[in-house]
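Trainee: Dropping the structure in here first, questions after.
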Amino acid sequence: MENITKICCIGAGYVGGPTMAMIAKKCPHIQVTVVDLNEARIKAWNDEDVNNIPVYEPGLSDVVAEARGRNLFFSTEVDKAIDEAQMIFISVNTPTKTYGAGKGQAADLKWIELCARQIANISKDNKIIVEKSTLPVRTASAIKDILTHTGNGVQFQILSNPEFLAEGTAVEDLDAPDRVLIGGDNTPEGKVAVQALVDIYANWVPKERILTTNVWSSELSKLTANAFLAQRVSSINSLTEICEQTEADINEVAKAIGTDSRIGPKFLKASVGFGGSCFQKDILNLVYIARSYGLQEVADYWEQVIIMNDHQKRRFANQIIKNLYNTVNGKKIAFFGWAFKKDTNDTRESAAIYVADHLLNEQAHISVYDPKVPENQVYADLDYLNTREAEENKAGVQVITDPYEACKGSHAIAVLTEWDEFKGYDWQRIYDNMLKPAKIFDGRNLLDADKLRAIGFQVRSIGTNVLDK
Ligand code: UDX
Ligand code: UDX
Ligand code: ADP
10 MENITKICCI GAGYVGGPTM AMIAKKCPHI QVTVVDLNEA RIKAWNDEDV NNIPVYEPGL
70 SDVVAEARGR NLFFSTEVDK AIDEAQMIFI SVNTPTKTYG AGKGQAADLK WIELCARQIA
130 NISKDNKIIV EKSTLPVRTA SAIKDILTHT GNGVQFQILS NPEFLAEGTA VEDLDAPDRV
190 LIGGDNTPEG KVAVQALVDI YANWVPKERI LTTNVWSSEL SKLTANAFLA QRVSSINSLT
250 EICEQTEADI NEVAKAIGTD SRIGPKFLKA SVGFGGSCFQ KDILNLVYIA RSYGLQEVAD
310 YWEQVIIMND HQKRRFANQI IKNLYNTVNG KKIAFFGWAF KKDTNDTRES AAIYVADHLL
370 NEQAHISVYD PKVPENQVYA DLDYLNTREA EENKAGVQVI TDPYEACKGS HAIAVLTEWD
430 EFKGYDWQRI YDNMLKPAKI FDGRNLLDAD KLRAIGFQVR SIGTNVLDK
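Going by our numbering, the sequence shown opens with residue 10, and the numbers climb by one from there.
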């Protein structure tokens with residue numbers, strides 16, 4: 010294969026958009042076209058004001074501004090981009106199936122398959138296909154199957170190149186990744202394809218950080234990396250419940266165990282539960298794969314990570330109810346944060362959605378403030394659960410763009426996302442405008458509880474056993 014000069018990426022989402030923007034920035038000699046069926050999304054990526062791009066990530070608009078129109082293009086002309094590219098990244102969504110066999114566990118590969126068929130139909134010359142979406146192990150073989158039976162003589166090489174960026178730090182993660190993982194076939198053609206992709210990353214990533222493996226190892230490593238990370242969060246969260254019953258403090262415990270170099274300090278932050286599009290989906294995939302091979306104990310082991318996470322979200326909601334004298338009926342509860350973590354406008358699987366759902370079942374009134382999540386997204390997330398009619402969600406939840414307004418007249422504030430700005434608020438002003446006793450349920454251990462108590466708040470931080478002193 011000649012040097013790669015034209016890349017196409019199918020899917021302009023949270024992974025495809027930022028990843029391609031970084032490749033375009035670092036490789037001005039390569040033309041990168043990101044395509045999507047969603048016209049509104051492409052329009053937003055092309056918005057004259059680069060601050061209106063559809064993915065909020067610190068630093069991303071600068072990267073897009075630098076490369077867009079030079080060698081980075083966003084388009085809805087999927088067929089044309091496929092036809093012209095030598096290398097095609099597939100970065101479409103792979104949600105958990107909501108129907109049929111594997112419902113609630115297996116990944117729905119409908120969109121991946123559609124892409125593969127489209128590539129098969131359009132391609133007139135040899136191409137390298139790169140799986141970028143997180144996929145169940147052996148998806149590459151399904152893609153290969155579709156691509157090798159077209160009968161038109163075009164040769165495809167399939168690579169697995171999972172993306173490890175975390176939202177909120179996507180630009181730093183892409184700029185200086187811990188590693189880049191590329192899986193390919195161990196044939197001469199496979200090796201050439203792997204090398205072509207290595208050469209692209211080598212424009213900015215040190216060679217020793219570019220790992221090459223076989224396709225299956227690469228696919229499994231992605232699922233496992235996310236499963237391990239999620240497991241750490243569930244592990245620390247499982248201890249919050251013990252801490253709340255004893256005199257132990259989760260922050261002290263996390264620090265004490267994290268200083269063991271074998272354990273390490275990262276990813277030990279107690280929370281109301283992990284969210285995001287990957288953790289739950291990937292573990293469910295792992296569980297599904299294990300079960301499909303009859304590996305019951307392996308499946309049960311990983312499933313427990315999800316069970317603990319669901320428990321943590323429910324437990325947080327129940328604590329609010331219990332501390333508000335066992336009823337939240339008609340009470341106003343302010344939510345600080347709706348995104349699944351700070352510095353992103355992504356809300357997929359956010360703990361806030363499930364906590365809100367639980368409180369709405371108890372007839373609470375919720376007013377949500379999140380610095381980056383728009384009103385329609387909050388309603389869409391709740392409606393997606395199908396727990397109640399959209400009208401009822403609208404009646405029970407208000408989305409407010411001013412944090413002080415959001416908690417005016419409320420019985421309690423629940424911190425669901427660890428946005429930095431929450432720390433800097435005028436908490437005296439907030440206290441003055443709330444019903445008393447004014448309660449704070451800090452699901453992220455974000456706020457300085459002692460300071461808030463000095464103002465008069467009753468504070469419960471996750472993993473500590475004091476409501477008020
Ligand atoms: C352990 C803790 O490491 C130590 O901090 C504590 O004070 C006592 O318990 P120890 O039991 O002596 O120490 O040995 P350790 O090196 O932790 O190994 C424990 C077991 O885990 C061994 O059987 C070891 O073979 C196994 N192990 C360890 C693995 O199977 N894989 C690993 O990657 C590490
Ligand atoms: C994750 C992986 O980190 C990334 O490598 C992969 O490519 C995609 O999935 P992401 O979902 O964007 O990234 O965010 P991450 O920072 O991993 O956080 C996931 C969830 O865990 C968030 O809800 C976060 O708040 C929560 N979390 C994380 C904790 O509750 N405690 C922690 O210590 C860390
Ligand atoms: P991720 O977090 O994995 O990037 P997103 O849902 O943010 O997931 O983005 C996936 C994108 O892929 C969506 O914008 C969707 O419209 C797009 N997409 C899905 N299927 C196709 C397809 N066959 N052709 C083009 N775009 C597609």
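In this text, a Cβ means the ideal position worked out from N, Cα and C, and glycines have one as well.
All of these numbers come straight from a predicted model, not from anything done at the bench.
Taking the alpha-carbon positions, what's the D117 to C124 distance?
Mentor: Within the sequence shown, the letter at position 108 stands for residue 117. Within the sequence shown, the letter at position 115 stands for residue 124. For D117 and C124, the distance between alpha carbons rounds to 13 Å.
Trainee: Specify which residues have a beta carbon nearer than 6 Å to any heavy atom of ligand 2, listing them in chain order.
Mentor: E172, F173, L174, A175, E176, N235, L238, V242, F276, L277, K278, S280, F283, G284, G285, C287, F288, F349 and K350
Trainee: Three-state secondary structure (DSSP) at D154?
Mentor: Taking the first residue of the sequence shown as 1, we reach residue 154 at position 145. Helix, per DSSP.
Trainee: Out of curiosity, what's the CA-to-CA distance linking G22 and I121?
Mentor: Position 13 of the sequence shown, counted from the first residue, corresponds to residue 22. Position 112 of the sequence shown, counted from the first residue, corresponds to residue 121. Taking the straight line from one Cα to the other gives about 14 Å.
Trainee: How is E181 classed by DSSP in three states: helix, strand or coil?
Mentor: Position 172 of the sequence shown, counted from the start, is the residue given in the question as residue 181. Note: E181 maps to helix in three-state DSSP.
Trainee: Regarding C124 and ligand 3, is the C-beta to nearest heavy atom distance less than 6 Å?
Mentor: Counting from 1 along the sequence shown, the entry for residue 124 is found at position 115. Checking the Cβ of C124 against ligand 3 gives yes.
Trainee: Where do the N-terminal and C-terminal ends of the alpha helix (DSSP H) with E401 fall, by residue?
Mentor: Locating residue 401 in the sequence shown gives position 392, where the first residue counts as 1. Its alpha helix (DSSP H) spans residues A399 to G405.
Trainee: If you run the structure through DSSP and keep just helix, strand and coil, what is V201?
Mentor: Counting from 1 along the sequence shown, the entry for residue 201 is found at position 192. In the structure shown, V201 sits in a helix (DSSP, three-state: H, G or I).
Trainee: Run the proximity test for I32: is its beta-carbon closer than 6 Å to any non-hydrogen atom belonging to ligand 3?
Mentor: Reading the sequence shown from its first residue, position 23 is the one you call residue 32. No - ligand 3 has no heavy atom lying nearer than 6 Å to the Cβ of I32.
Trainee: Which residue or residues does DSSP assign as beta-bridge partners of V41?
Mentor: Locating residue 41 in the sequence shown gives position 32, where the first residue counts as 1. Residue pairing by DSSP puts V41 in a beta bridge opposite I16 and L81.
Trainee: Would you grab the beta carbon distance between I167 and I13 for me? Rounded to a whole angstrom, and I think it's under 8 Å.
Mentor: Taking the first residue of the sequence shown as 1, we reach residue 167 at position 158. Taking the first residue of the sequence shown as 1, we reach residue 13 at position 4. Rounded, the Cβ-Cβ distance is 16 Å, inconsistent with contact.
Trainee: Cα-Cα, which of S132, P380 and C287 is closest to E430?
Mentor: For the purposes of this step, residue 430 is taken as residue 421 along the sequence shown, with counting starting at 1. For the residues S132, P380 and C287, the minimum Cα distance to E430 belongs to P380.
Trainee: Using 8 Å as the threshold, is the stretch 297–316 in touch with the stretch 371–380, meaning 3 or more CB pairs across them?
Mentor: no
Trainee: Whether or not the stretch 286–293 and the stretch 313–324 are in contact is what I'm after, with contact meaning three or more pairs of Cβ atoms, one per stretch, closer than 8 Å; do they touch?
Mentor: By the criterion of at least three beta-carbon pairs nearer than 8 Å, the stretch 313–324 is in contact with the stretch 286–293.
Trainee: Who pairs with M96 in a beta bridge, going by DSSP?
Mentor: Here residue 96 refers to the residue found at position 87 of the sequence shown. M96 pairs with I16 and I137.
Trainee: What do you get for T336, buried or exposed, if any count of 16 or more other CB atoms within 10 angstroms of its CB means buried?
Mentor: The residue given as residue 336 occupies position 327 in the sequence shown. Counting the other Cβ atoms within 10 Å of the Cβ of T336 gives fewer than 16, which makes it exposed.
Trainee: Looking at the structure shown, is V73 part of a helix, part of a strand, or coil, going by DSSP?
Mentor: Translated into the one-based positions of the sequence shown, residue 73 becomes position 64. In this structure, V73 counts as helix in the three-state DSSP scheme.
Trainee: If we ignore side chains and look at the alpha-carbon of each, how far apart do E400 and L369 end up?
Mentor: By one-based count along the sequence shown, residue 400 stands at place 391. By one-based count along the sequence shown, residue 369 stands at place 360. Approximately 13 Å, taken between the alpha carbons.
Trainee: Looking at the unbroken beta strand (DSSP E) that takes in G192, where does it start and where does it end?
Mentor: For the purposes of this step, residue 192 is taken as residue 183 along the sequence shown, with counting starting at 1. V189 to G192 is the extent of the beta strand (DSSP E) around G192.
Trainee: Report, in whole angstroms, the separation of the C-beta atoms of Q114 and V242, which I expect to be a contact under 8 Å.
Mentor: As a working note, residue 114 is residue 105 in the sequence shown. As a working note, residue 242 is residue 233 in the sequence shown. Wrong, their Cβ atoms sit about 20 Å apart, outside the cutoff.
Trainee: Might you give, ordered along the chain, the residues of its own chain that have their beta carbon closer than 8 Å to the beta carbon of D182, omitting 5 neighbours on each side?
Mentor: Stepping through the sequence shown from its first residue, residue 182 is reached at position 173. Closer than 8 Å at Cβ, skipping near neighbours: F173, L174 and A175.
Trainee: Quick check on the burial criterion: 16 or more other C-beta atoms within 10 angstroms. Buried or exposed for I251?
Mentor: Counted from its first residue, the sequence shown places residue 251 at position 242. That one is exposed.
Trainee: Do the CB positions of A202 and G192 come within less than 7 Å of each other?
Mentor: Reading the sequence shown from its first residue, position 193 is the one you call residue 202. Reading the sequence shown from its first residue, position 183 is the one you call residue 192. Taking 7 Å as the cut-off, the Cβ atoms of A202 and G192 do not count as close.
Trainee: Taking Cβ positions, are T356 and Q386 nearer each other than 7 Å?
Mentor: Taking the first residue of the sequence shown as 1, we reach residue 356 at position 347. Taking the first residue of the sequence shown as 1, we reach residue 386 at position 377. In this structure, Q386 lies closer than 7 Å to T356 by Cβ.
Trainee: Comparing the CB of D45 with every heavy atom of ligand 3, is any distance shorter than 6 Å?
Mentor: Reading the sequence shown from its first residue, position 36 is the one you call residue 45. Yes - ligand 3 has a heavy atom lying nearer than 6 Å to the Cβ of D45.
Trainee: Return helix, strand or coil for L455, following the three-state DSSP convention.
Mentor: Start at 1 with the first residue of the sequence shown, and residue 455 comes out as number 446. L455: coil per DSSP, three-state reduction.
Trainee: Would you please state the rounded distance, in angstroms, between the beta carbons of A361 and T410? I believe it to be under 8 Å.
Mentor: As a working note, residue 361 is residue 352 in the sequence shown. As a working note, residue 410 is residue 401 in the sequence shown. Incorrect: roughly 16 Å between the Cβ atoms, too far for contact.
Trainee: In terms of residue numbering, what span does the alpha helix (DSSP H) encompassing S243 cover?
Mentor: In the sequence shown, the residue the question calls residue 243 occupies position 234. Start and end: V224 to Q254.
Trainee: On the criterion of 16 or more Cβ atoms from any shown chain inside 10 Å, does T157 qualify as buried, or is it exposed?
Mentor: One-based indexing of the sequence shown puts residue 157 at position 148. Exposed.
Trainee: In the DSSP assignment, find the unbroken beta strand (DSSP E) run with K119 in it and report its ends.
Mentor: Counting from 1 along the sequence shown, the entry for residue 119 is found at position 110. Here K119 belongs to no beta strand (DSSP E); instead the alpha helix (DSSP H) covers K119 to I131.
Trainee: Find the nearest neighbour of I272 within the set G160, V281, R300 and Q240, judged by alpha-carbon distance.
Mentor: Here residue 272 is taken as the residue at index 263 of the sequence shown, counted from 1. Closest option to I272, Cα to Cα, is Q240.
Trainee: Would you call the CB atoms of A415 and A326 closer than 7 Å?
Mentor: Position 406 of the sequence shown, counted from the start, is the residue given in the question as residue 415. Position 317 of the sequence shown, counted from the start, is the residue given in the question as residue 326. No, the Cβ-Cβ distance between A415 and A326 is not below 7 Å.
Trainee: I need the DSSP call for K417, collapsed to helix, strand or coil.
Mentor: Numbered from 1 along the sequence shown, position 408 holds the residue referred to as residue 417. Here K417 sits in coil by DSSP.
Trainee: Within the present structure, is the beta-carbon of Y23 separated from the nearest heavy atom of ligand 3 by less than 6 Å?
Mentor: Indexing the sequence shown from 1 puts residue 23 at position 14. At least one heavy atom of ligand 3 is nearer than 6 Å to the Cβ of Y23, so yes.
Trainee: To the nearest angstrom, how far is the alpha carbon of A151 from that of Y393?
Mentor: Sequence index remark: in the sequence shown, residue 151 carries index 142 (1-based). Sequence index remark: in the sequence shown, residue 393 carries index 384 (1-based). Whole-angstrom Cα-Cα distance: 30 Å.
Trainee: Between the Cα of Q407 and the Cα atoms of L391, T103 and I439, which residue gives the shortest distance?
Mentor: Along the sequence shown, one-based indexing puts residue 407 at 398. Checked all of L391, T103 and I439; the closest Cα to Q407 is L391.
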